[in-house]
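The structure under discussion appears below in the form of structure tokens.
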Amino acid sequence: MSEPMRNPAQDRALPRPPAPASIGDRVEDVGTPALLVDLDAFDQNLARMQALADTGGVALRPHAKAHKSVAIAQRQIAAGAVGICCQKLSEAYPFAAAGIASIHISNEFVGADKLAMAVELARHVDLSICVDDVRQVAAMAAAAAAGGVRITALAEVDVGQGRCGVDSPQALSRLADAIGAAPSLRFGGLQAYHGGAQHLPHWTQRRDAARHAADLAHAYVRHLDARGIACAVVTGGGSGSAEFDCESGVYTEIQPGSYLFLDGHYGASEWPGRFQPRHALFLSTTVMSTARAGVAVCDAGLKSVAVDSGLPRLWSGQGSEWLRYVAANDEHGVLQVLQEDGPALLGNKLWLVPGHCDPTANLHAQYVCCRDGYVAELWDIAARGLSR
Ligand SMILES: Cc1ncc(COP(=O)(O)O)c(C=O)c1O
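Per my numbering, residue 320 is the first one in the sequence shown, and the count goes up by one each step.
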């Protein structure tokens with residue numbers, strides 16, 4: 320019997336695909352699609368938000384849900400942040416493992432798998448978690464007691480978002496009393512986050528919505544105060560409301576996330592006030608088909624960029640004068656050619672501004688960070704996909 324034919328390639332293990340970028344590469348040589356960070360703009364956004372919080376005498380606890388990267392969280396803390404927020408318990412793991420000492424879970428949870436994660440995290444970090452139901456309090460108190468840990472519970476109040484959070488002083492009192500009665504828990508104060516206030520396009524609209532939220536939060540603080548319960552922490556606020564939250568006299572802490580990147584949705588808002596961010600996050604893509612007249616197709620579709628807050632747009636100077644991104648398929652981005660006598664298209668690299676940074680970051684393994692036209696750093700997106 321003859322030997323079966325051997326493919327010589329089978330003698331070698333197939334390596335992983337090559338890395339899209341190495342430190343020192345020219346930006347135009349980065350493999351696409353790639354998530355680029357403009358480090359000059361990023362550094363400026365980071366410093367400006369820290370300065371805003373410092374000037375207002377408010378703690379900055381940035382939301383890591385926006386970037387999911389330990390390297391970024393470490394930079395935020397080095398600049399003065401008191402810790403980070405995560406939205407999910409599993410999301411907190413890479414940050415806790417990297418030594419971030421103080422993590423607030425700005426969300427409620429239910430279920431044995433979540434309680435086990437909370438207890439595990441509390442063994443490693445100073446952990447606080449939101450509650451809006453006495454049954455969550457009872458379950459968390461029992462799990463923390465059994466696990467021999469103490470967890471800080473923040474009562475979430477609804478200040479206009481209409482999502483989580485109690486909406487009456489009586490319900491808040493019940494929560495605070497239940498937390499106070501549990502030796503394995505510590506009452507930390509309130510979370511009062513109003514997501515709807517963040518993306519209002521006009522600065523005055525955001526100011527008014529943020530002031531209204533702060534007034535509601537203040538009424539809850541006074542209600543507990545009258546019952547002898549102090550709120551050490553009142554946390555909330557995002558990128559769109561931070562400047563107003565800092566001057567409210569109510570919030571002790573703000574939790575903005577997207578300010579680092581200024582995605583397309585936030586970029587469409589007015590920023591005339593004391594916080595003026597710049598676009599720092601881009602998706603680099605290559606035109607890889609121009610078979611049809613008037614259409615160019617690039618390699619960045621739904622698997623590279625989230626479109627829940629609108630399609631990505633071309634960055635100025637990066638083809639925005641002669642191309643428009645008009646449709647996202649799974650792996651293809653369809654571009655309308657506005658100017659037929661524009662530059663040769665096939666093989667062109669373009670920069671897109673993603674509409675929404677959080678879900679876009681969740682699609683990528685790393686940030687390719689650039690300065691002066693070269694790749695300066697590569698940062699893993701370690702919490703990518705951790706959504707339990
Ligand atoms: C509870 C909470 N806090 C803070 C943020 C951060 O908001 P932004 O990324 O708009 O700054 C969010 C965003 O959705 C949030 O849900």
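Note that CB positions come from ideal geometry on N, CA and C, so glycine has one too.
All values reported here derive from a predicted model rather than from experimental measurement.
Excluding the 5 residues flanking residue i on each side, which residues of the same chain have their C-beta closer than 6 Å to its C-beta?
i, result
"Q395", "P381"
"D699", "Q685"
"G466", "V438"
"H651", "V616, G620"
"A497", "V453, V456"
"A417", "V389"
"V266", "This structure cannot speak to residue 266, because the chain is shown only from 320 to 707."
"V492", "Contrary to the premise, residue 492 reads as Ser rather than Val in this sequence. Cβ neighbours of S492 beyond the five flanking positions: none."
Taking the alpha carbon of residue i as the point to measure from, which residue in the options has its own alpha carbon closest?
i, options, result
"V672", "A536, E589, A441, L581", "L581"
"L519", "S560, V616, A615, A497", "S560"
"Q406", "A417, K433, A353", "K433"
"Q524", "W590, F414, S628, N426", "W590"
"L602", "H683, R505, D373", "H683"
"A392", "G376, P413, D451", "P413"
"N648", "G620, C483, A366", "G620"
"R611", "R632, L654, R593", "L654"
"P488", "R454, L535, D527", "L535"
"G568", "L333, A372, R331", "A372"
"C449", "V552, A587, A701", "V552"
"D486", "P352, A599, D451", "D451"
"G399", "M368, S409, G586, R442", "M368"
"R469", "A490, S447, G484", "S447"
"R707", "L579, L354, E427", "E427"
"A387", "C688, T679, C689", "Note that residue 387 corresponds to Lys in the displayed sequence, not to Ala. Residue T679 is the option with its Cα nearest to K387."
"A431", "S577, E566, C688, A460", "A460"
"P662", "G638, D527, R331", "G638"
"S577", "H584, S558, A415, A516", "S558"
Report all residues from its chain with a CB closer than 8 Å to the CB of residue i; omit the five preceding and five following residues, and keep chain order.
i, result
"G402", "R380, I396, I419, A420, S421, I422, H423, D445"
"D691", "none"
"A370", "none"
"A458", "V429, L434"
"R505", "R469, I470, T471, A472, I498"
"H584", "H518, S628, G629, G674, H675"
Could you pull out every residue in the same chain whose Cβ sits closer than 7 Å to the Cβ of residue i, ignoring the five residues on either side in sequence?
i, result
"M320", "A caution first: M320 carries a pLDDT of 46, below 50, which makes its placement in the model unreliable, though a value can still be read off. Nothing meets the Cβ criterion."
"Q363", "R597"
"R335", "none"
### Message
Three Cβ pairs or more, each shorter than 8 Å: is that satisfied between the stretch 470 to 481 and the stretch 491 to 510?
### Response
yes
### Query
Which full runs of the beta strand (DSSP E) of 3+ residues lie inside the stretch 364 to 442, going along the chain?
403 to 405, 421 to 424
#### Entry: ligand 1 site residues, beta-carbon cut 5 Å against heavy atoms
H382, A385, S425, Y512, Q517, G557, S558, Q574, P575, G576, S577
### Query
Does the stretch 663 to 679 come close enough to the stretch 601 to 615 to have 3 or more Cβ pairs within less than 8 Å?
Output reads yes: the stretch 601 to 615 touches the stretch 663 to 679.
### Query
Should the stretch 543 to 554 be regarded as contacting the stretch 640 to 647, the criterion being three or more beta carbon pairs within less than 8 Å?
no
### Stretch pair the stretch 475 to 494 + the stretch 526 to 539: three plus CB contacts closer than 8 Å
yes
### Cβ pair count under 8 Å reaching 3, the stretch 692 to 699 against the stretch 337 to 351
yes
### Query
Fully enclosed by the stretch 574 to 656, which alpha helix (DSSP H) runs are 4 residues long or longer?
583 to 586
### Stretch pair the stretch 332 to 343 + the stretch 564 to 572: three plus CB contacts closer than 8 Å
no
### Message
Please give me, in chain order, every unbroken run of the alpha helix (DSSP H) with length at least 4 that falls completely inside the stretch 485 to 532.
### Response
488 to 499
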